[in-house]
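K.L.:
Once you've had a glance at the structure underneath, I'll fire off some questions.
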Amino acid sequence: MAGGKETPRQRMIGMMYLVLTALLALQVSNQILQKFVLLNDGLERTSKNFIGKNEFTVTSIANTVEQQGNNERDVPKVAAAQEVRKTTAEVYAYLESLKQELITVSDAKNEQGQFKNSALKNVDIPGNIFNNNKKGFEMQEKLNAYPKQVSTILKSVGIDMEFEDIAKDAKDIEIFRNDPDVRNKNFVFLNFVKSPVGAVMALISQYQNEVLNIESEALSAVTSSIGTFYFKSDVFKASVAANSNVVAAGTKFEGNLFIASSSSSAAPKMSVDGREVRVVDGFGEISFTVPPAGQYDDRGLAKRILKGEITVNIAGKDSTLTVDYEYFVAQPVIRVTSEVVNQLYADCANDLMIDVPALGNSYAPDFTISNGTSIKGQKPGQLTVIPGSSGKVVIGVSSGGNKIGDVSYDIKPVPAPTIRLFDGRGPIDLSQAYPAPGPSSLIVEALPEVNFGRTMARDANFEVSGGEVILLRSEVPRERVAISGKNVAIRNLLAAARAGDGIVVRVTEVTRTNFRGNKIRTTLTTPEIIRLQIK
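Quick note: the sequence shown, position 334, residue 342 per the working numbering, numbers continuous.
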């Protein structure tokens, strides 16, 4: 936002914005849409924490200036802080009105106030509101005007602080500027056109947090510019301000543990669940990896309680304040994409893409395979699975050392190929007799089943490797030629053939070459027999 090193809160806000923006382009399932609702709920809770903290800061600025004797250089800063709060509240309310309009127009809630998946999936209403009705362009203008307004207010009291635009076009966002499919999209098309209602709702909440974060930075700058800070309070309360109280397993819980009336001059000691946390300017920085829960409720959530302790000098002696903070662990949904995802072919290279959308950029997958082997691809989530010969294959999915879950698939045998006869001109029509003495060249092909050949091209290389060609006259064998490959030498057999004879192709063995180049021979329990009549 402003120049300088970003705080963990700013980095988390930036990351969530990029994740939300990128997810807008996905075709999402009901479970993912429900996670958007949960993320939106967490973002709104974060907004409430932000607002409470910022309102407290404004009051604290006024009290500090008064306690220091209303120094003439600091008195205008009280009005500046109040003006920043007022401007922020107006922009926040404007965004909230857009969010509520989206919910109302899309009829997103039922009579019980619960969100409806069918409405959350709608991708036409956001485009109509924000593009066709131009409200997205108005929103971009207001969002990008807000940082400039705050900078102007700060400059009026001698604070030089600049902020970046909030609502950016794709070309101004690092992960999109080099993407030829996205980089030419403006702010409205990037965020709202063909985007589901559930995702847009969460995105608006994220923009509200962006606004509140700028306000927080501005108020911190005002606080830092005031003379020596004297703190006076007779009420102390331990509190937690988390980036979200809905956290996906495998991602980090991040937030601040603090005394509501604390100041940068205080030197408290803080711990969370018995672990000491780093304290910066009176605020404890909480960061830990959330392990998966043993059980989740029907919403895919597991309740957790964070226990915090703050030890600080109050009235000349160390006092310990405690806080219990409730948050929820969201169950990550494992999403597998592949053309053969319902069943995996035995002893074949089944290419899969395994993703956990809830983990976003923190997804660092590892896999275990039961009843098979695997080869990891170059990109995170790319996996080639080579199952055993039968039964089920179980794929264990972990991220950053934390187990996410398992997915299992039935092992499907490789479908038998179809035997076809060809001559030098193409396929032989077996429904008609072949002119005597028969085909000058005979090719016996083993063709893969159509779907297997399309989806498993590297493993669908079949050839006939065993059998014989028999010349029959009055159903009595006259000549025989062994089959050792697709091209069969039948010149000597044809020399003895005449009209009325039959040529019988009897295939007893087929060899498949797999993706590694290994040859797998299969003896046919029932030989494949094809008869060609000579006229």
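Cβ atoms here follow ideal geometry from the backbone N, Cα and C, with glycine treated the same way.
Whole-angstrom Cβ separation of G461 and A468, contact assumed at under 8 Å?
P.N.:
Position 453 of the sequence shown, counting from 1, holds the residue named residue 461. Position 460 of the sequence shown, counting from 1, holds the residue named residue 468. That pair is a contact at about 4 Å.
K.L.:
Do L128 and G50 count as a contact pair if the criterion is CB distance below 8 Å?
P.N.:
For this step, residue 50 is matched to residue 42 along the sequence shown. For this step, residue 128 is matched to residue 120 along the sequence shown. Against a cut-off of 8 Å, the Cβ pair of L128 and G50 comes out as no contact.
K.L.:
What did DSSP end up calling D180 once you bin it into helix, strand or coil?
P.N.:
As a first step, residue 180 is located in the sequence shown; it is residue number 172 there, counting from the start. The answer is helix: DSSP assigns D180 an H, G or I state.
K.L.:
Looking at the strands, I want to know which residues DSSP matches up with N495.
P.N.:
Position 487 of the sequence shown, counting from 1, holds the residue named residue 495. DSSP output for N495 lists I451 as bridge partner(s).
K.L.:
To the nearest whole angstrom, what separates the beta carbons of T392 and N358, a pair I think is in contact under 8 Å?
P.N.:
If you number the sequence shown from 1, residue 392 lands on position 384. If you number the sequence shown from 1, residue 358 lands on position 350. About 7 Å; that satisfies the 8 Å criterion.
K.L.:
Please tell me whether Q541 and A444 are closer than 8 Å, where the distance is taken between their beta carbons.
P.N.:
Counted from its first residue, the sequence shown places residue 541 at position 533. Counted from its first residue, the sequence shown places residue 444 at position 436. Contact: no.
K.L.:
Determine the closest residue to T521 out of V513, R514, L151 and T530, with distance taken between C-alpha atoms.
P.N.:
Indexing the sequence shown from 1 puts residue 521 at position 513. The shortest Cα separation from T521 among V513, R514, L151 and T530 belongs to T530.
K.L.:
Compute the Euclidean distance between the alpha carbons of S397 and E284, then round it to the nearest angstrom.
P.N.:
Here residue 397 corresponds to residue number 389 of the sequence shown, with the count starting at 1. Here residue 284 corresponds to residue number 276 of the sequence shown, with the count starting at 1. Taking the straight line joining both Cα atoms gives about 52 Å.
K.L.:
Taking 8 Å as the cut-off, does the segment 179-192 touch the segment 82-90 (at least 3 CB pairs, one atom from each stretch)?
P.N.:
These segments do not touch.
K.L.:
Going straight from the alpha carbon of E52 to that of E104, what length do you get?
P.N.:
Taking the first residue of the sequence shown as 1, we reach residue 52 at position 44. Taking the first residue of the sequence shown as 1, we reach residue 104 at position 96. About 10 Å.
K.L.:
What is the rounded straight-line gap between the Cα of L47 and the Cα of A87?
P.N.:
Here the question's residue 47 lines up with position 39 in the sequence shown. Here the question's residue 87 lines up with position 79 in the sequence shown. When rounded, the distance between both Cα atoms is 35 Å.
K.L.:
Quick one: measure Cβ to Cβ for S203 and P134, integer angstroms, because I've assumed they're closer than 8 Å.
P.N.:
Locating residue 203 in the sequence shown gives position 195, counting from the first residue. Locating residue 134 in the sequence shown gives position 126, counting from the first residue. With a Cβ gap of about 5 Å, S203 and P134 count as contacting.
K.L.:
Are the CB atoms of I394 and D418 nearer to each other than 8 Å?
P.N.:
Within the sequence shown, the letter at position 386 stands for residue 394. Within the sequence shown, the letter at position 410 stands for residue 418. No. Outside cutoff.
K.L.:
Can you tell me the Cα-Cα spacing of I174 and V248, whole angstroms?
P.N.:
Your numbering for residue 174 matches position 166 in the sequence shown. Your numbering for residue 248 matches position 240 in the sequence shown. C-alpha separation (whole angstroms): 26 Å.
K.L.:
In three-state DSSP terms, what is P84?
P.N.:
In the sequence shown, the residue the question calls residue 84 occupies position 76. Three-state DSSP puts P84 in a helix.
K.L.:
Going by the beta-carbon positions, is the gap between V452 and I427 smaller than 8 Å?
P.N.:
For the purposes of this step, residue 452 is taken as the residue at position 444 of the sequence shown. For the purposes of this step, residue 427 is taken as the residue at position 419 of the sequence shown. Contact flag set, yes.
K.L.:
Can you find the residues in the same chain that come closer than 6 Å, C-beta to C-beta, to S416, ignoring five residues on each side of it along the sequence?
P.N.:
Reading the sequence shown from its first residue, position 408 is the one you call residue 416. Result list for S416: K400 and V402, in chain order.
K.L.:
Hey, is the segment 285-304 in contact with the segment 335-343, meaning 3+ C-beta pairs nearer than 8 Å?
P.N.:
The segment 285-304, when compared against the segment 335-343, does touch it at the 8 Å Cβ threshold.
K.L.:
Rounded C-beta distance between V515 and E487? I'm assuming under 8 Å.
P.N.:
For this step, residue 515 is matched to residue 507 along the sequence shown. For this step, residue 487 is matched to residue 479 along the sequence shown. Actually they do not touch by this definition, with Cβ atoms about 18 Å apart.
K.L.:
Quick check on F523: does DSSP put it in helix, strand or coil?
P.N.:
Looking up residue 523 in the sequence shown gives position 515. In this structure, F523 counts as coil in the three-state DSSP scheme.
K.L.:
To the nearest angstrom, how far is the alpha carbon of V113 from that of D177?
P.N.:
For this step, residue 113 is matched to residue 105 along the sequence shown. For this step, residue 177 is matched to residue 169 along the sequence shown. Distance between the alpha carbons of V113 and D177 is about 26 Å.
K.L.:
Under a three-way DSSP split, which group does V298 fall into?
P.N.:
Walking along the sequence shown from the start, residue 298 turns up at place 290. DSSP places V298 in coil when its eight states are reduced to three.
K.L.:
Rounding to the nearest angstrom, what Cα-Cα distance links R93 and G413 in this structure?
P.N.:
If you number the sequence shown from 1, residue 93 lands on position 85. If you number the sequence shown from 1, residue 413 lands on position 405. C-alpha separation (whole angstroms): 45 Å.
K.L.:
Can you tell me whether R53 is helix, strand or coil according to DSSP?
P.N.:
The residue you call residue 53 lines up with position 45 of the sequence shown. It is helical.
K.L.:
What residue range is occupied by the uninterrupted beta strand (DSSP E) comprising V351?
P.N.:
Here residue 351 refers to the residue found at position 343 of the sequence shown. With the sequence shown as reference, residue 351 is identified as Gln, and Val is not the correct amino acid for it. From DSSP, the beta strand (DSSP E) with Q351 extends over Q351 to Y353.
K.L.:
If you drop the 5 nearest sequence neighbours on each side, which residues of the same chain put their C-beta closer than 8 Å to that of V73?
P.N.:
As a position in the sequence shown, residue 73 is number 65, starting the count at 1. Around V73: N79, D82, V83, K85, V86 and I234.
K.L.:
Quick one: Cα of I362 to Cα of R286, how far?
P.N.:
Here residue 362 refers to the residue found at position 354 when the sequence shown is read from its first residue. Here residue 286 refers to the residue found at position 278 when the sequence shown is read from its first residue. Computed Cα separation, rounded: 36 Å.
K.L.:
For D509, which residues from the same chain have a beta carbon less than 7 Å from its beta carbon, with the 5 sequence-adjacent residues on both sides left out?
P.N.:
Walking along the sequence shown from the start, residue 509 turns up at place 501. L479, L480, R481 and I542, listed in sequence order.
K.L.:
In chain order, which continuous runs of the alpha helix (DSSP H) of length 4 or greater are located wholly inside the segment 106-184?
P.N.:
For the segment 106-184, whole alpha helix (DSSP H) runs of length 4 or above, ordered along the chain, are 125-128 and 143-163.
K.L.:
How would you write the range of the beta strand (DSSP E) that S439 sits in, first residue to last?
P.N.:
As a first step, residue 439 must be located in the sequence shown, where it is residue number 431. Element bounds for S439: n/a, residue is neither H nor E.
K.L.:
Tell me whether the beta-carbon of S213 lies closer than 8 Å to the beta-carbon of S55.
P.N.:
In the sequence shown, the residue the question calls residue 213 occupies position 205. In the sequence shown, the residue the question calls residue 55 occupies position 47. Their beta carbons are under 8 Å apart, which means S213 touches S55 by this criterion.
K.L.:
Could you tell me the boundaries of the beta strand (DSSP E) in which S416 lies?
P.N.:
Sequence index remark: in the sequence shown, residue 416 carries index 408 (1-based). Unbroken beta strand (DSSP E) run through S416: N410 to K420.
K.L.:
Report yes or no: do three or more beta-carbon pairs, one from the segment 135-145 and one from the segment 187-198, lie closer than 8 Å?
P.N.:
Judged by Cβ distances under 8 Å, the segment 135-145 makes contact with the segment 187-198, as three or more pairs qualify.
K.L.:
Looking only at DSSP bridge pairs, what is Q390 linked to?
P.N.:
Residue numbering aside, residue 390 sits at position 382 when the sequence shown is read from its first letter. Per DSSP, M361.
K.L.:
Determine whether the beta carbon atoms of V288 and L265 lie at a separation below 8 Å.
P.N.:
On the sequence shown, residue 288 is found 280 positions in, with the first residue counted as 1. On the sequence shown, residue 265 is found 257 positions in, with the first residue counted as 1. For V288 and L265, no; Cβs fall outside 8 Å.
K.L.:
Would you kindly work out how many angstroms separate the C-alpha atoms of G144 and V344, rounded to a whole number?
P.N.:
Counting from one through the sequence shown, the residue named residue 144 turns up at place 136. Counting from one through the sequence shown, the residue named residue 344 turns up at place 336. Approximately 34 Å between the Cα atoms of the pair.
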